[in-house]
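So the sequence shown is numbered by our numbering: it starts at 520 and just counts up by one.
Even glycine gets a Cβ: it sits at the ideal position worked out from N, Cα and C.
Input: a single structure, listed below in structure tokens.
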Amino acid sequence: MRNYSFKKIHALLLLLPSILVLIGACEPLATSFKEVEDAVMYTKSVKVTPPVPDSTLKVMTWNIRFGIGRQPWFGDACGDNTIFRKDEVMPGLEAVVARIKEVKPDILFLQECDVKSNRTAYIDELQYILDNTYFNYAAYVSEWKSEFIPSDGLGRMDMGLVILSPWPITDAKRINLATRGDQAGIVNYFYLHSCIVSGRIKIPGFKEIPLLNIHASAFATDDTKKKHYEEFKAELDKLNAAGEYFIAGGDLNELPPGSDSTDFCYEDMCPGESFHQPGDDPQHKAGSDYTPEKTWLQAIYDSYKCAVPLSVYQANQPAYFTHTTRPGHTWDRTLDYLFTNNRWRAGSTVTHQDFLTDSDHAPVSSEFVLVKE
520 MRNYSFKKIH
530 ALLLLLPSIL
540 VLIGACEPLA
550 TSFKEVEDAV
560 MYTKSVKVTP
570 PVPDSTLKVM
580 TWNIRFGIGR
590 QPWFGDACGD
600 NTIFRKDEVM
610 PGLEAVVARI
620 KEVKPDILFL
630 QECDVKSNRT
640 AYIDELQYIL
650 DNTYFNYAAY
660 VSEWKSEFIP
670 SDGLGRMDMG
680 LVILSPWPIT
690 DAKRINLATR
700 GDQAGIVNYF
710 YLHSCIVSGR
720 IKIPGFKEIP
730 LLNIHASAFA
740 TDDTKKKHYE
750 EFKAELDKLN
760 AAGEYFIAGG
770 DLNELPPGSD
780 STDFCYEDMC
790 PGESFHQPGD
800 DPQHKAGSDY
810 TPEKTWLQAI
820 YDSYKCAVPL
830 SVYQANQPAY
840 FTHTTRPGHT
850 WDRTLDYLFT
860 NNRWRAGSTV
870 THQDFLTDSD
880 HAPVSSEFVL
890 VKE
């Protein structure tokens, strides 16, 4: 979860005339996305031999918080920093690589991976991860891409979603999700645009596997998030209707139905903020009150198999929490998921809550049961 509502929005308004001139005079500053377009493909220069699975495939999803660990950043956790030096980014990025090697997933979904962004010292984080792990291929799609963001010193931005695999990824696409309807046009122009990255892998002896990785909106105050879940489910429904066995997941920025706590305004509140008090406007911190959304994921749970079944989650919710906005605090809610229309190997799911300093999200891994040809 990340709050990218710019703190210096007045700066955008002051710069608006110059921005419009630049937009009209040259290439657009921010990228506009088509409904469906090809992903950017990455490969390792010296390939490693892929594993030879016999019955299952370990899959992991992880929002890596653009490789900065739990360092304070202006867009979340009440931080002030906007950009980081290379020596500030590399320790977090190295920790991400170390954790990947520790878990050893066969397929990895990442969210919030930076590619040559100003805030992370122009490091191509995806290429670094690819070169320093055992993966051979990656499919990347941008969800926040601009040559220059004129707010808070952000500058160039390219952040997105990734599928990593030791096997070739085919038919990799970026699937656009509904645009937020609760933002001013100039803010939306420079804002991130939620999406899905999809692709396919073929392991010898087994049926081809469609893969879908989503990062849904965190801070929309209208029905945008609900639209994202409906669009995500529609993609899963198409694969299911075609008789294909998929692996899907990512950061849905939503609680499972039946969660004991649904309002985190106090947990997420920064110094000087006030919520739930007479006269407060808004009454709730954006992205922190899930109460009106408590059933929005039910249709996905009803149709497909979550790596952490709803009954298991509801019986011991803290064991499956994957997110907190507060550095130094333990996880306080679940936002990250894996789904399939096939099977997860019983007892194989792990919520990696010991990765507390590596991101503000804990990864979730599980073993997908392969289907023979």
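Got a sec, what are the start and stop residues for the beta strand (DSSP E) residue i sits in?
{"i": "residue 800", "result": "From DSSP, residue 800 is part of no beta strand (DSSP E); its letter is neither H nor E."}
{"i": "residue 822", "result": "Element bounds for residue 822: not the beta strand (DSSP E) but the alpha helix (DSSP H), 817 to 822."}
{"i": "residue 626", "result": "626 to 633"}
{"i": "residue 827", "result": "Counting along the chain, residue 827 falls outside any beta strand (DSSP E), and DSSP gives it neither H nor E."}
{"i": "residue 576", "result": "575 to 582"}
{"i": "residue 557", "result": "555 to 557"}
{"i": "residue 663", "result": "656 to 668"}
{"i": "residue 565", "result": "No beta strand (DSSP E) holds residue 565; DSSP gives it neither H nor E."}
{"i": "residue 636", "result": "Careful: residue 636 lies outside any beta strand (DSSP E) and carries neither H nor E."}
{"i": "residue 883", "result": "883 to 888"}
Taking Cβ to Cβ, would you say residue i is nearer than 8 Å to residue j?
{"i": "residue 637", "j": "residue 673", "result": "yes"}
{"i": "residue 816", "j": "residue 766", "result": "no"}
{"i": "residue 549", "j": "residue 721", "result": "no"}
{"i": "residue 859", "j": "residue 832", "result": "no"}
{"i": "residue 838", "j": "residue 870", "result": "yes"}
{"i": "residue 650", "j": "residue 745", "result": "no"}
{"i": "residue 740", "j": "residue 701", "result": "yes"}
{"i": "residue 645", "j": "residue 634", "result": "yes"}
{"i": "residue 605", "j": "residue 640", "result": "yes"}
{"i": "residue 662", "j": "residue 711", "result": "yes"}
{"i": "residue 706", "j": "residue 681", "result": "no"}
{"i": "residue 508", "j": "residue 724", "result": "The question about residue 508 has no answer here: the residues shown for the chain are numbered 520 through 892."}
{"i": "residue 880", "j": "residue 842", "result": "yes"}
Between which two residues does the alpha helix (DSSP H) carrying residue i extend?
{"i": "residue 609", "result": "605 to 622"}
{"i": "residue 707", "result": "704 to 709"}
{"i": "residue 865", "result": "Note, residue 865: premise wrong, no alpha helix (DSSP H); not H, not E."}
{"i": "residue 854", "result": "First-last for residue 854: undefined, no H or E at that position."}
{"i": "residue 647", "result": "644 to 650"}
Rounding to the nearest angstrom, what Cα-Cα distance links residue i and residue j in this structure?
{"i": "residue 868", "j": "residue 825", "result": "10 Å"}
{"i": "residue 944", "j": "residue 599", "result": "Missing from the structure shown is residue 944; the chain here goes from 520 to 892 and no further."}
{"i": "residue 670", "j": "residue 597", "result": "17 Å"}
{"i": "residue 796", "j": "residue 780", "result": "19 Å"}
{"i": "residue 561", "j": "residue 799", "result": "48 Å"}
{"i": "residue 743", "j": "residue 749", "result": "10 Å"}
{"i": "residue 678", "j": "residue 660", "result": "8 Å"}
{"i": "residue 865", "j": "residue 888", "result": "10 Å"}
{"i": "residue 556", "j": "residue 694", "result": "7 Å"}
{"i": "residue 609", "j": "residue 569", "result": "27 Å"}
{"i": "residue 890", "j": "residue 629", "result": "24 Å"}
{"i": "residue 902", "j": "residue 602", "result": "This structure cannot settle anything about residue 902, because the visible part of the chain is limited to 520 through 892."}
{"i": "residue 777", "j": "residue 840", "result": "14 Å"}
{"i": "residue 542", "j": "residue 593", "result": "Legend: pLDDT at residue 542 = 48, less than 50; position of this residue unreliable, no value from coordinates given."}
{"i": "residue 830", "j": "residue 775", "result": "10 Å"}
{"i": "residue 566", "j": "residue 647", "result": "14 Å"}
{"i": "residue 782", "j": "residue 734", "result": "21 Å"}
{"i": "residue 844", "j": "residue 892", "result": "44 Å"}
So, does the region 575 to 587 touch the region 876 to 887, judging by three or more C-beta pairs under 8 Å?
At 8 Å Cβ cutoff, the stretches touch.
Could I get the ranges of all uninterrupted alpha helix (DSSP H) runs contained in the region 741 to 784, with 4 residues as the minimum, in chain order?
743 to 760
Please determine if the region 790 to 803 and the region 846 to 856 are in contact, where contact requires at least 3 C-beta pairs separated by less than 8 Å.
no
Where are the beta strand (DSSP E) runs, 3 residues long or more, that stay fully inside the region 680 to 729, in chain order?
688 to 695 and 714 to 720
Is the number of C-beta pairs between the region 807 to 814 and the region 618 to 630 that are closer than 8 Å three or more?
no
Contact between the region 651 to 658 and the region 684 to 700 is defined here as three or more beta-carbon pairs at a separation below 8 Å; is this criterion met?
yes
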